[in-house]
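Novice:
Protein chains in written order, with the working numbering: chain A, 137 to 348; chain B, 262 to 540.
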């Protein structure tokens, strides 16, 4: 009888501890899931794969949550887990084609247009830019792609990116510059520069070689 | 940053200027960079154009590449995956405990359905299955029979994981046809796991989806050597009912897809159509 009561009390304490752990994990993780998904999507070019990777990231983070030190950068920690999973995935599927085309996006919303953005021609241009941007991203090496996704699209500081990518800030800076040049070259039909098509002195998009 | 001379006589080369410009756009340029960059841009129209184009690209990427995403839906799926993992850790060795997820009434009914299937088999299936009723067609009867047996006997799943990728990879390696890469659970459902089963003289892949206490299975098989009438397994989904379970079938790309579920027929059809779009 007494043993049963003690057992119940221990079980209650364990449940309370599990709940606290789960609540703490949710409080820290939930604000980042959208950014994690967007970054995984830009890394892989596949929305569903990105969803799986974010799920795996969160499970991995949850399993290792006790090892996370309070006061350290949680965002960098969880993004580092995600970027490692993305790199593994990209290595495994190196030969698979990049899936960027999204027919739903390109065909646009049906029915009346509630805004200028919903007009099929406007929608198509936006969707076309997004798809081309994703394709251009896929041509960057995973290391450069990660830096571009975090800096240009998520607004991470170089120091935060250096934490995630586990490299010096100077490397982040040079990878980003390289990524920008390549993106400009790939997307020049969307954002032309006055010097497009002309011979350049050095480093201009036309002369950039895909060395990343 | 190293300041060095270049071919246009400024203190910074074009390569260095562009590197500094990239950092400047992110608000990360060193203080010393600003004046040097400005002086370089004043005398280098090429870098000025480059800067304008990069700025325009930067703005467009930031404005247009923010895809809408439902964070609540994402979080719900993550939360469900964590719960599933915690659940499986509490009960090691048990893949899916149907007694926990099914109401007693459904379990009793399912047990009855197994008896019905067993009686059908005793009375020589081929004769009975030759009847005109759709529910008696072997494709329907055998998938429903397998589903019922799986649930009542509590057969374990061969692979159970919160990750769709892990499940897909595991199953794809064990069949001789190419599994579709999609198979994304419709909203509210999650893919629990899968198994390999054998009937209709072939190996089939079985996926199990769950939403609370509702379960839906998807069987995927090759149509090679299988007589599939168009009114059962055509390109459009066809909805049937057998032994109290909804059964939705369609054919695509040399594969036959069969859904068996305790969902009402209309809901099972919606489930199938949504799933079909992802395959």
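Note that the Cβ used here is the ideal one computed from N, Cα and C, for glycine as well.
Here's the rule I'm using: 16 or more other beta-carbon atoms within 10 Å means buried, otherwise exposed. How should residue 428 of chain B be labelled?
Specialist: buried
Novice: Return the CA-CA distance between residue 284 of chain B and residue 284 of chain A, expressed in angstroms with no decimal places.
Specialist: 12 angstroms
Novice: For residue 280 of chain A, decide whether its Cβ has a neighbour in chain B, counting only Cβ atoms nearer than 8 angstroms.
Specialist: no
Novice: Could you compute how far the alpha carbon of residue 196 of chain A sits from the alpha carbon of residue 274 of chain B?
Specialist: 46 angstroms
Novice: Suppose the cutoff is 7 angstroms on Cβ atoms and the five residues either side in sequence are ignored; what does the same chain contact list for residue 460 of chain B look like?
Specialist: 403 and 407
Novice: Which of helix, strand or coil does DSSP assign to residue 506 of chain B?
Specialist: strand
Novice: So residue 174 of chain A and residue 273 of chain A are supposed to be a Cβ contact under 8 angstroms. How far apart are they, rounded?
Specialist: Their Cβ separation, rounded to whole angstroms, is 12 angstroms, which puts residue 174 of chain A and residue 273 of chain A out of contact at 8 angstroms.
Novice: Hey, how far is the Cα of residue 225 of chain A from the Cα of residue 305 of chain A?
Specialist: 25 angstroms
Novice: Among residues of its own chain, excluding the 5 on either side of residue 506 of chain B, which ones have a beta-carbon nearer than 8 angstroms to its beta-carbon?
Specialist: Only 374, 405, 408, 409, 521, 522 and 523 meet the Cβ criterion.
Novice: Would you mind stating whether residue 322 of chain A and residue 266 of chain A have Cβ atoms separated by less than 8 angstroms?
Specialist: Not in contact: residue 322 of chain A and residue 266 of chain A (Cβ atoms no closer than 8 angstroms).
Novice: Less than 8 angstroms between the CB atoms is what I'm expecting for residue 456 of chain B and residue 436 of chain B, so what's the real figure, rounded?
Specialist: About 11 angstroms separates the two Cβ atoms, so there is no contact after all.
Novice: Express the C-alpha separation of residue 315 of chain A and residue 308 of chain A in angstroms, rounding to a whole number.
Specialist: 10 angstroms
Novice: Give the residues from the segment 294-307 of chain B that approach chain A closer than 7 angstroms (Cβ to any Cβ), ordered along the chain.
Specialist: 307
Novice: Return the chain-ordered list of same chain residues with a C-beta closer than 7 angstroms to the C-beta of residue 338 of chain B, the five sequence neighbours on each side being excluded.
Specialist: 451
Novice: Kindly indicate which residue of B/482, B/508 and B/479 has the alpha-carbon position closest to the one of residue 493 of chain B.
Specialist: B/508
Novice: Using a Cβ cut-off of 8 angstroms (strictly closer), state whether residue 336 of chain B contacts chain A.
Specialist: yes
Novice: Note down, in chain order, every chain B residue with its Cβ under 9 angstroms from the Cβ of residue 294 of chain A.
Specialist: 284, 287 and 289
Novice: So which of B/346, B/412 and B/470 has the shortest CA-CA distance to residue 192 of chain A?
Specialist: B/346
Novice: Should residue 422 of chain B go down as buried or exposed, given a rule of 16 or more other Cβ atoms within 10 Å for buried?
Specialist: buried
Novice: For a test of the three-state rule: what should DSSP assign to residue 208 of chain A, helix, strand or coil?
Specialist: In the structure shown, residue 208 of chain A sits in coil (DSSP, three-state: anything other than H, G, I, E or B).
Novice: Please confirm if residue 325 of chain A has its CB atom under 8 angstroms from at least one CB of chain B.
Specialist: no
Novice: Assuming residue 471 of chain B is part of the beta strand (DSSP E), what are its boundary residues?
Specialist: Per DSSP, residue 471 of chain B belongs to the beta strand (DSSP E) from 463-472.
Novice: Any beta carbon of chain B sitting closer than 8 angstroms to that of residue 267 of chain A?
Specialist: no
Novice: If residue 515 of chain B sits next to residue 483 of chain B, beta carbons under 8 angstroms apart, how far is it from one beta carbon to the other, in whole angstroms?
Specialist: Their Cβ separation, rounded to whole angstroms, is 6 angstroms, which keeps residue 515 of chain B and residue 483 of chain B in contact under 8 angstroms.
Novice: From the DSSP output, which residues share a beta bridge with residue 458 of chain B?
Specialist: DSSP links residue 458 of chain B through a beta bridge to B/465.
Novice: Any beta carbon from chain B within less than 8 angstroms of residue 194 of chain A's own beta carbon?
Specialist: yes
Novice: For a contact defined as C-beta to C-beta under 7 angstroms, what are the partners of residue 191 of chain A on chain B?
Specialist: 338, 339, 342, 423 and 424
Novice: Does the beta carbon of residue 418 of chain B come closer than 8 angstroms to any beta carbon on chain A?
Specialist: no
Novice: State yes or no: is the C-beta of residue 537 of chain B within less than 8 angstroms of the C-beta of residue 511 of chain B?
Specialist: With respect to the 8 angstroms criterion, residue 537 of chain B and residue 511 of chain B are classified as neighbours on the basis of their beta carbons.
Novice: Any chance the segment 212-219 of chain A sits against the segment 284-300 of chain A, with 3 or more Cβ pairs inside 8 angstroms?
Specialist: Yes: the two stretches touch, three or more of their Cβ pairs being nearer than 8 angstroms.
Novice: Are any of the Cβ atoms in chain B nearer than 8 angstroms to that of residue 264 of chain A?
Specialist: no
Novice: How would you call residue 462 of chain B, buried or exposed, if buried means at least 16 neighbouring beta carbons within 10 angstroms?
Specialist: Result: exposed.
Novice: For residue 520 of chain B, name the three-state secondary structure that DSSP assigns.
Specialist: strand
Novice: Could you list the residues in the segment 441-471 of chain B with a C-beta less than 8 angstroms from some C-beta on chain A, going in chain order?
Specialist: The residues in question are 443 and 445.
Novice: May I have the straight-line CA-CA distance separating residue 446 of chain B from residue 205 of chain A, to the nearest angstrom?
Specialist: 35 angstroms
Novice: Going along the chain, which residues of the segment 302-315 of chain A sit with their C-beta nearer than 8 angstroms to a C-beta in chain B?
Specialist: 309, 310, 312 and 313
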